[in-house]
Amino acid sequence: MALQAELPVLIRTAAELARHCDRAEHNEQVDRAKLLGAAADLRAMGWRLSAGFGADLRQRYADRLEMLESRHPLAGGGAFDGGEAVRVSKTLLELQRAQIRHDMVYHPDVAGMPKYAQLRHFTLHLTKLTALLLDAIDGHDRDDFVNHRIADIFIFGIKISTVAGERLSEEVIGA
Numbered sequence: 010m011a012l013q014a015e016l017p018v019l020i021r022t023a024a025e026l027a028r029h030c031d032r033a034e035h036n037e038q039v040d041r042a043k044l045l046g047a048a049a050d051l052r053a054m055g056w057r058l059s060a061g062f063g064a065d066l067r068q069r070y071a072d073r074l075e076m077l078e079s080r081h082p083l084a085g086g087g088a089f090d091g092g093e094a095v096r097v098s099k100t101l102l103e104l105q106r107a108q109i110r111h112d113m114v115y116h117p118d119v120a121g122m123p124k125y126a127q128l129r130h131f132t133l134h135l136t137k138l139t140a141l142l143l144d145a146i147d148g149h150d151r152d153d154f155v156n157h158r159i160a161d162i163f164i165f166g167i168k169i170s171t172v173a174g175e176r177l178s179e180e181v182i183g184a
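Heads up, the sequence shown is in our numbering, so the first residue is 10 and it goes up one at a time.
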């Protein structure tokens, strides 16, 4: 089962992010390469799971941003359309730019936090995603996980890279 195989990866990735935050909080040395590796692992997991379920990750990503944006008071009325920006993106860098613009418009409370606080916030989300993956493996809300949470995993792979100062690839994806 594709979901079962990804559980250890998501657990380790969430733990790596938590370890990074804990070490930073205690003024211990942190390893940026491990942080970037965790982000890459999340993006790779998103691609693998999407392929395993025959889903179009870019479309699911666009749908997810549109759903989140529709719940925001600024929805419509000319505010940034993250879904459309994702749909027309051809590279990871374009997805990264679309994501940061979405975050600045629709999540300024988080986007405006210090980078360390953003990473802690992402750790909370990854922990929640780990529990949701376990629920999906157990047969609960599997469709929700496949339709929404795989995109979330991929999104956090982009967000972590951005907060860590990594410029993602300009190579065309999905070609």
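Don't be surprised by glycine CBs; every beta carbon is placed ideally from N, CA and C.
- [ ] Locate the alpha helix (DSSP H) running through Val-113, then write down its first and last residues.
- [x] In the sequence under discussion, the amino acid at residue 113 is Met, which differs from the Val named in the question. Start and end: 101-115.
TODO: State buried or exposed for Arg-176, treating a residue as buried only when at least 16 other CB atoms are found within 10 Å of its CB.
DONE: Exposed: under 16 other Cβ atoms inside 10 Å.
Task: Among His-157, Ile-167, Arg-67, the one whose alpha carbon lies nearest that of Met-76 - done: Checked all of His-157, Ile-167, Arg-67; the closest Cα to Met-76 is His-157.
TODO: Using three-state DSSP, classify Val-39 as helix, strand or coil.
DONE: Collapsing the DSSP output to three states places Val-39 in coil.
Open item on the list: How far does the alpha helix (DSSP H) with Ile-20 in it extend, from its first residue to its last?
Closed with: 11-34 is the span of the alpha helix (DSSP H), which, as asked, contains Ile-20.
TODO: Taking only the alpha-carbon atoms, compute the straight-line gap between Arg-129 and Ala-60 and give it to the nearest angstrom.
DONE: Straight-line Cα distance between these residues: approximately 29 Å.
TODO: Output the distance between the C-alpha atoms of Ile-164 and Arg-52, rounded to the nearest integer angstrom.
DONE: Approximately 8 Å, taken between the alpha carbons.
TODO: Run the CB neighbour count on Glu-34, radius 10 Å, all protein chains shown included, and call it buried at 16 or more, exposed below.
DONE: Around the beta-carbon of Glu-34, fewer than 16 other beta-carbon atoms lie within 10 Å, marking it exposed.
TODO: Measure the alpha-carbon distance for Trp-56 versus Thr-22 and round it to whole angstroms.
DONE: When rounded, the separation of the alpha-carbon atoms in Trp-56 and Thr-22 is 16 Å.
Open item on the list: Buried or exposed for Glu-15, going by 16 or more other Cβ atoms inside 10 Å?
Closed with: When all chains shown are included, Glu-15 counts as buried.
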